[in-house]
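These notes concern the structure reproduced below.
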Amino acid sequence: MLRGIPLLEHTLNNASNTGLFDRTVLVVAPDDDQAADLFPDVTVVEGGASRTASVRAGLDALADKPPRFVMIHDGARPFLDAELISPLLAALETHDGAVPALPIIDAVKSVDFTSVDRDRLHRVQTPQAFNYAKIKAAFDALPPDASAHDDIAVAKEAGLSLAFTAGSERNFKVTWPEDFAKADAMLSTSTLTVTGSGFDVHKLAESDLPLWLCGVEVESRYTLVGHSDADVGLHAITDAILGAVAQGDIGDHFPPSDPQWKGASSDQFLRHAIHLAEQAGGTLRHIDLTIICEAPKVKPYREAMRERVAEITGLSVARVSIKATTTETLGFTGRKEGIAAQALATVELPV
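Taking our numbering, the leading residue of the sequence shown gets 146, the next gets one more, and so forth.
Have a look at this one:
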């Protein structure tokens with residue numbers, strides 16, 4: 146865990162924030178039964194007993210829709226960014242593969258203290274980038290039990306043309322316990338955590354029409370009245386995210402005077418808010434929603450609501466809190482005239 150979330154989540158978020166990837170495959174240990182729930186927006190596949198077997202599994206998972214390029218990355222390197230990735234993409238226009246590398250600045254000796262020419266050596270990082278068809282063919286040609294040092298080694302053995310690009314000292318591999326302190330310090334200096342709030346109210350009316358709360362249809366003799374589907378929970382969350390990135394409110398982006406939003410599903414509004422946050426370089430970290438009503442009862446649907454909000458936002462369910470309360474029969478919610486919702490959204494932004 147790093148800053149309360151899995152290290153791998155930092156890696157996946159930073160990869161997504163580059164805007165350069167169309168699809169992500171996460172290769173995990175065969176006994177990992179949590180990854181698919183933690184990371185619902187990526188393809189999760191089982192790896193093998195070696196790096197080579199695991200990479201082969203990841204490449205195979207892309208074969209249904211083969212990409213032009215693929216990048217193979219260590220999940221324990223969380224600080225990748227567009228500055229690291231873009232030169233790799235440029236190198237793939239003229240080479241079959243490319244790898245980020247750093248010079249060695251210390252003197253280098255062999256085990257018998259013989260001097261080694263450091264100018265002929267590089268510290269190699271990931272992601273290692275390739276023409277997909279060519280690197281997959283190279284892996285397919287390996288014996289089933291092959292175990293190469295890394296993916297560039299497989300490419301070199303297959304005779305692919307390779308290039309070095311500039312690596313980054315930030316792109317270090319979290320390996321030892323003390324590396325977590327280093328990673329935490331880097332997060333402290335590179336990001337700002339902000340909180341946005343959202344509040345929404347919709348009128349209740351007796352009806353046979355469905356009542357939507359947090360993207361879940363709730364059985365009730367009431368429905369919520371509004372221009373869209375009037376999902377008061379998703380509206381409050383949407384405004385909270387917009388507030389965190391200072392992008393106005395839901396009415397600015399989806400005015401009720403616009404007929405195209407008549408009866409619209411509110412997950413569209415929430416996804417738009419997340420898109421705006423991502424455009425600002427932000428990463429949604431946590432949602433806390435309180436629904437205020439006398440009816441209907443929220444508790445029977447709460448876990449389904451958490452799962453639906455997690456699905457829409459890309460958060461893990463553990464990062465979605467949904468609570469319900471009443472006003473002890475006081476006010477419009479107490480008289481069952483409407484439902485109110487209040488939300489807080491935590492977003493990490495670059496400094």
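Beta carbons: idealized from backbone N, C-alpha and C, even for Gly.
- For the set Gln270, Leu207 and Arg265, the Cα lying nearest the Cα of Leu233 is the one of Gln270.
- The alpha-carbon of Thr491 is positioned some 33 Å away from that of Ala274.
- In this model, Asp209 and His218 are separated by some 21 Å (Cα to Cα).
- Under the three-state reduction of DSSP, Ser402 is assigned to coil, being neither helix nor strand.
- Distance from the CA atom of Thr474 to the CA atom of Asp324, rounded to whole angstroms, is 54 Å.
- Judged by their CB atoms, Val346 and Ile484 are nearer to each other than the 9 Å cut-off.
- In the three-state DSSP reduction, His240 falls in the coil class, being neither helix nor strand.
- Around the beta carbon of Ser260, a 10 Å sphere encloses fewer than 16 other beta carbons of the protein chains shown; the residue is thus reported as exposed.
- Assigned with DSSP and collapsed to three states, Leu415 falls in helix.
- The beta carbon of Gly427 sits closer than 6 Å to those of Val390, Val492 and Leu494, all from its chain and outside the five residues before and after it, given in chain order.
- For Val465, the closest alpha carbon among the candidates Thr472, Thr478 and Met450 is that of Met450.
- The alpha-carbon of Ile280 is positioned some 23 Å away from that of Ser161.
- Pairwise C-beta distances place the segment 444-464 out of contact with the segment 310-330, as fewer than three of them are shorter than 8 Å.
- Ranking Glu439, His155 and Thr163 by CA distance to the CA of Asp226 puts Thr163 first.
- Pro223 is positioned such that its CB atom lies closer than 9 Å to that of Thr156.
- Excluding its 5 nearest sequence neighbours in each direction, Asp374 has C-beta neighbours in its own chain below 6 Å: Trp357, Ser410 and Ser411, listed in chain order.
- Excluding sequence positions up to five before and after Thr169, its CB lies within less than 6 Å of the CB of Val187, all in the same chain and listed in chain order.
- Sequence-distant partners of Leu332 (beyond 5 residues in either direction) whose C-beta falls short of 7 Å from its own C-beta, in its chain, are Arg148.
- The residue from Arg480, Ala385, Arg453 and Gln392 with its alpha-carbon nearest to that of Ala486 is Ala385.
- Distances from the CA of Ser365 to each of Gly371, Cys359, His372 and Asp353 were compared; the closest alpha carbon is that of Asp353.
- The three-state reading of DSSP puts Lys279 in helix, counting H, G and I together.
- As summarised for the segment 291-348, the continuous beta strand (DSSP E) elements at least 3 residues long and confined to that stretch are 307-311, given in chain order.
- Within the segment 173-214, the runs of alpha helix (DSSP H) that reach at least 4 residues and sit entirely inside it are, in chain order, 180-183 and 196-206.
- Taking Ala350 as the centre and dropping the five residues before and after it, the same chain places the C-beta of Tyr367, Thr368 and Val370 closer than 7 Å to its C-beta, in chain order.
- Taking a 10 Å sphere around the C-beta of Trp406, we find 16 or more other C-beta atoms and assign the residue as buried.
- The criterion of a C-beta distance shorter than 9 Å is not satisfied by Pro212 and Asp285.
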